[in-house]
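So that you can map any letter, position 162 of the sequence shown is 162 in full-length UniProt numbering, and since no number is skipped, the others follow by simple counting.
Each remark here refers to the structure printed beneath this line.
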Amino acid sequence: TGNCSHMEREGMPVLGTGGRRKGHPCPPGEHEGSLKRRIIAGVLFLPLLLTVCMHAAYLYVSGRSQFEYVIDWLPCLFFGVSILLAACGLCLLLKNRTQRFVCAGISAAILVLLLAAGIYTSVQSSARKSVLSISPDGHMAVLKYERSTGRVTTYQNQILWFARMSDAFPYTAEEEMKLQWLADEACAVTYRSPDDGEVHQYVMTYGDRGNGITTYYVYNVVQGGWGAEGKNTAGWELKTGPEGITVVSPSEGEQVYDSEDCVQFGTLAVALCEGGLPQWTLVLTEDCVVGDDTDVVESGTVALCRVTMEKSAPVYFSRTSLPEGADMEIAPTPSREENGEALRDRMKQTLREDPALSQYEPDPYGGIRVVTEEDDIFWIVRCGVEERYKLFASNGVDVDCQILHMELIAGDSYDCVVRVNEQNTYASASGEGGSSQAELETTYRVMKGEGAYLLVPAGYDTDPTVGLDAPAMAMERDTAGNEDYHFFIPGEE
Numbered sequence: 001t002g003n004c005s006h007m008e009r010e011g012m013p014v015l016g017t018g019g020r021r022k023g024h025p026c027p028p029g030e031h032e033g034s035l036k037r038r039i040i041a042g043v044l045f046l047p048l049l050l051t052v053c054m055h056a057a058y059l060y061v062s063g064r065s066q067f068e069y070v071i072d073w074l075p076c077l078f079f080g081v082s083i084l085l086a087a088c089g090l091c092l093l094l095k096n097r098t099q100r101f102v103c104a105g106i107s108a109a110i111l112v113l114l115l116a117a118g119i120y121t122s123v124q125s126s127a128r129k130s131v132l133s134i135s136p137d138g139h140m141a142v143l144k145y146e147r148s149t150g151r152v153t154t155y156q157n158q159i160l161w162f163a164r165m166s167d168a169f170p171y172t173a174e175e176e177m178k179l180q181w182l183a184d185e186a187c188a189v190t191y192r193s194p195d196d197g198e199v200h201q202y203v204m205t206y207g208d209r210g211n212g213i214t215t216y217y218v219y220n221v222v223q224g225g226w227g228a229e230g231k232n233t234a235g236w237e238l239k240t241g242p243e244g245i246t247v248v249s250p251s252e253g254e255q256v257y258d259s260e261d262c263v264q265f266g267t268l269a270v271a272l273c274e275g276g277l278p279q280w281t282l283v284l285t286e287d288c289v290v291g292d293d294t295d296v297v298e299s300g301t302v303a304l305c306r307v308t309m310e311k312s313a314p315v316y317f318s319r320t321s322l323p324e325g326a327d328m329e330i331a332p333t334p335s336r337e338e339n340g341e342a343l344r345d346r347m348k349q350t351l352r353e354d355p356a357l358s359q360y361e362p363d364p365y366g367g368i369r370v371v372t373e374e375d376d377i378f379w380i381v382r383c384g385v386e387e388r389y390k391l392f393a394s395n396g397v398d399v400d401c402q403i404l405h406m407e408l409i410a411g412d413s414y415d416c417v418v419r420v421n422e423q424n425t426y427a428s429a430s431g432e433g434g435s436s437q438a439e440l441e442t443t444y445r446v447m448k449g450e451g452a453y454l455l456v457p458a459g460y461d462t463d464p465t466v467g468l469d470a471p472a473m474a475m476e477r478d479t480a481g482n483e484d485y486h487f488f489i490p491g492e493e
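And the structure:
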């Protein structure tokens with residue numbers, strides 16, 4: 001045509017920038033390289049997106065649940081690392097050298113600002129110092145010390161690098177504190193208080209030695225005989241009886257502490273005090289078993305450790321004899337109402353100590369935890385029934401369950417009793433022995449916590465409706481044939 005150049009008319013190629021023919025597609029290798037750069041850049045941008053989402057969720061939740069970062073400057077660290085990675089990804093996408101230099105400069109400026117913010121957060125007069133310690137089995141003790149006031153706050157219910165505010169020390173503390181794990185689930189924090197210049201102690205506990213529902217006092221469950229074990233224990237004795245807990249040590253001789261001298265921490269530790277100041281810490285170790293019938297430690301060891309800012313080692317004592325009458329059947333059989341009152345009180349105590357049930361250990365007979373924001377009580381109970389059968393799965397039997405009918409017989413959505421009728425088909429997980437069917441009726445008491453519900457099945461000897469009124473109108477749901485109320489739990493061999 002008249003618009004063609006002389007070189008085009010002669011059949012010679014017209015070259016653009018870089019020597020590539022105009023209108024000709026890029027070589028396959030260049031396309032592949034560009035795609036790889038985009039994929040790598042996307043991966044490098046992902047941490048920044050996750051960090052932004054995580055911090056937004058934290059800001060939304062923290063005001064209501066008192067969750068905090070375990071270390072106050074962690075957000076600066078997370079954003080700094082994620083911005084650095086995102087900057088690397090952006091540089092991969094930029095082909096112009098000037099643009100890359102600009103990107104690197106802006107990223108460096110942001111990193112310097114974040115570093116300065118992190119340092120300022122750590123050194124300002126009102127800054128809090130985080131004190132962390134991890135037990136051999138993975139429990140983390142989290143403390144935050146306010147340098148300006150000496151106030152110490154404890155945190156529990158750890159989730160990743162977040163933890164919820166739990167309690168505050170009764171006395172202000174000096175910055176130097178001694179943390180010592182006396183058991184896998186008990187960390188003793190010893191500190192000196194500027195209030196009175198004396199040594200005090202706070203024990204952070206994370207477990208239970210009973211069934212998870214019953215609350216007990218360490219002073220009571222250690223009643224009976226104990227013998228020191230291990231090397232270099234000559235002269236050590238631990239005696240318990242009506243007069244109190246008696247500690248006999250080679251250096252201090254005999255010291256007696258009655259119930260008023262004992263300060264309990266959780267359900268694992270007790271401080272033995274004299275004049276309001278702790279002298280010894282007594283902890284139930286991991287192998288302790290508190291009997292449901294005797295309400296004392298039936299077997300296992302306890303750790304006794306002196307309260308001091310100096311280095312100290314616990315002395316271990318093992319059970320040698322139960323208290324007199326602990327193995328006797330002296331208590332009359334409680335009525336259904338009394339059992340119902342005990343069930344109600346145990347559930348309320350559990351939710352008072354752990355409203356979110358984050359540390360609660362489910363048990364198919366003791367209680368089930370259902371974590372949900374759902375408000376349909378029948379659906380919540382359906383989920384609890386499924387969770388309960390999952391705990392039974394270790395018996396090697398497959399369970400096919402269809403919930404037939406549910407009825408709220410007392411209470412409201414915060415504290416109620418629900419009766420559940422179900423039809424179950426049982427079969428061996430190995431496929432041998434055929435199958436069988438059974439229709440069951442189970443009644444659950446249900447209490448609402450913070451984002452979680454506690455469900456406990458009531459036995460035939462228990463009236464679960466104690467303290468509750470019948471609903472003004474019938475509340476029930478027919479679920480026979482409803483697949484939403486059907487589930488299958490495979491047995492575990």
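Beta carbons are placed, not taken as given, at the ideal position from N, Cα and C, and that holds for glycine.
Keep in mind that this is a model prediction, so the values were computed, not measured.
Item, Value
"Assess contact between the stretch 97-113 and the stretch 161-168, defined as three or more Cβ pairs (one per stretch) separated by less than 8 Å. Is contact present?", "no"
"Please work out which residues of its chain come closer than 8 Å, Cβ to Cβ, to Y219, disregarding the five sequence neighbours upstream and downstream, and give them in chain order.", "I245, S259, C262, Q264, V270"
"Between which two residues does the alpha helix (DSSP H) harbouring S299 extend?", "Counting along the chain, S299 falls outside any alpha helix (DSSP H), though it belongs to the beta strand (DSSP E) covering 297-299."
"So which of L343, V420, G366, V371 has the shortest CA-CA distance to R382?", "V420"
"For P490, which three-state DSSP category applies?", "coil"
"Report all residues from its chain with a CB closer than 7 Å to the CB of L343; omit the five preceding and five following residues, and keep chain order.", "R445, V456, A458, T462, P464"
"Between which two residues does the alpha helix (DSSP H) harbouring F78 extend?", "74-93"
"For a minimum of 3 consecutive residues, which ranges assigned as the beta strand (DSSP E) are wholly contained in the stretch 255-324?", "262-265, 269-274, 277-284, 297-299, 301-306, 315-321"
"By the three-class DSSP mapping on this structure, what secondary structure does D196 have?", "coil"
"Which of helix, strand or coil does DSSP assign to G138?", "coil"
"What are the partner residues of Y202, as DSSP defines its beta bridges?", "V189"
"Looking at C-alpha atoms only, which residue of R346, L92, V43 is the closest neighbour of S34?", "L92"
"If we count the other Cβ atoms within 10 Å of its Cβ and call it buried at 16 or more, is G481 buried or exposed?", "exposed"
"In angstroms, rounded to a whole number, what distance separates the CA positions of I119 and I159?", "25 Å"
"For M328, count neighbouring Cβ atoms within 10 angstroms of its own Cβ and tell me buried if that reaches 16, exposed if not.", "Residue placement at M328 cannot be trusted, given a pLDDT of 36 that sits under 50; what the coordinates show is reported in the next sentence. Exposed is the call here."
"Output the distance between the C-alpha atoms of I330 and Y60, rounded to the nearest integer angstrom.", "With a pLDDT of 34 at I330, under the threshold of 50, the modelled position of that residue is not reliable, and the figure given next carries that caveat. Approximately 54 Å, taken between the alpha carbons."
"Taking L391 as part of the alpha helix (DSSP H), name the residues at either end of that continuous run.", "377-391"
"Is the CB-CB distance between A41 and L90 below 8 Å?", "yes"
"Is C76 near L114, with beta carbons less than 8 Å apart?", "yes"
"Using the Cα positions of K348 and S251, report the straight-line distance between them to the nearest angstrom.", "44 Å"
"For A474, which residues of its own chain have a beta-carbon under 8 Å away from its beta-carbon, when the five flanking residues on both sides are left out?", "E407"
"Using a Cβ-Cβ cutoff of less than 6 Å, which residues in the same chain neighbour V468 once the five nearest sequence positions on both sides are dropped?", "Rather than Val, the amino acid found at residue 468 in this sequence is Leu. Closer than 6 Å at the Cβ level, and outside the excluded window around L468, lie A410, G411."
"So, helix, strand or coil for Y485, using DSSP?", "helix"
"Note down the Cα distance separating Y206 from G266, rounded to an integer number of angstroms.", "8 Å"
"Taking just the CA atoms, how far does L44 sit from L94?", "14 Å"
"Is it true that the CB of S413 sits closer than 8 Å to the CB of D375?", "yes"
"Out of C88, S62, W73, point me to the one whose CA is closest to residue 507's CA.", "One cannot answer for residue 507 here, as it falls past the ends of the chain, which runs 1 to 493."
"Tell me which residues share the same chain as A163 and place their Cβ nearer than 6 Å to its Cβ, disregarding the 5 neighbours each side in the sequence.", "V70, V142, Y155"
"Using the Cα positions of I368 and V315, report the straight-line distance between them to the nearest angstrom.", "37 Å"
"Short of 8 Å in beta carbon distance, which residues of its chain neighbour E229, apart from the five on each side in sequence? Order them along the chain.", "T301, Y316, F317, S318"
"Compare the C-alpha of T308 against each of L84, T172, F378, R192 and name the closest.", "R192"
"With 16 as the cutoff for other CB atoms within 10 Å, does E68 come out buried or exposed?", "buried"
"By how many angstroms is the C-alpha of A452 removed from the C-alpha of Q359?", "12 Å"
"Below 8 Å on the Cβ atoms is my guess for A188 versus T281; work out the distance and round it to an integer in Å.", "5 Å"
"Taking only the alpha-carbon atoms, compute the straight-line gap between T425 and T479 and give it to the nearest angstrom.", "17 Å"
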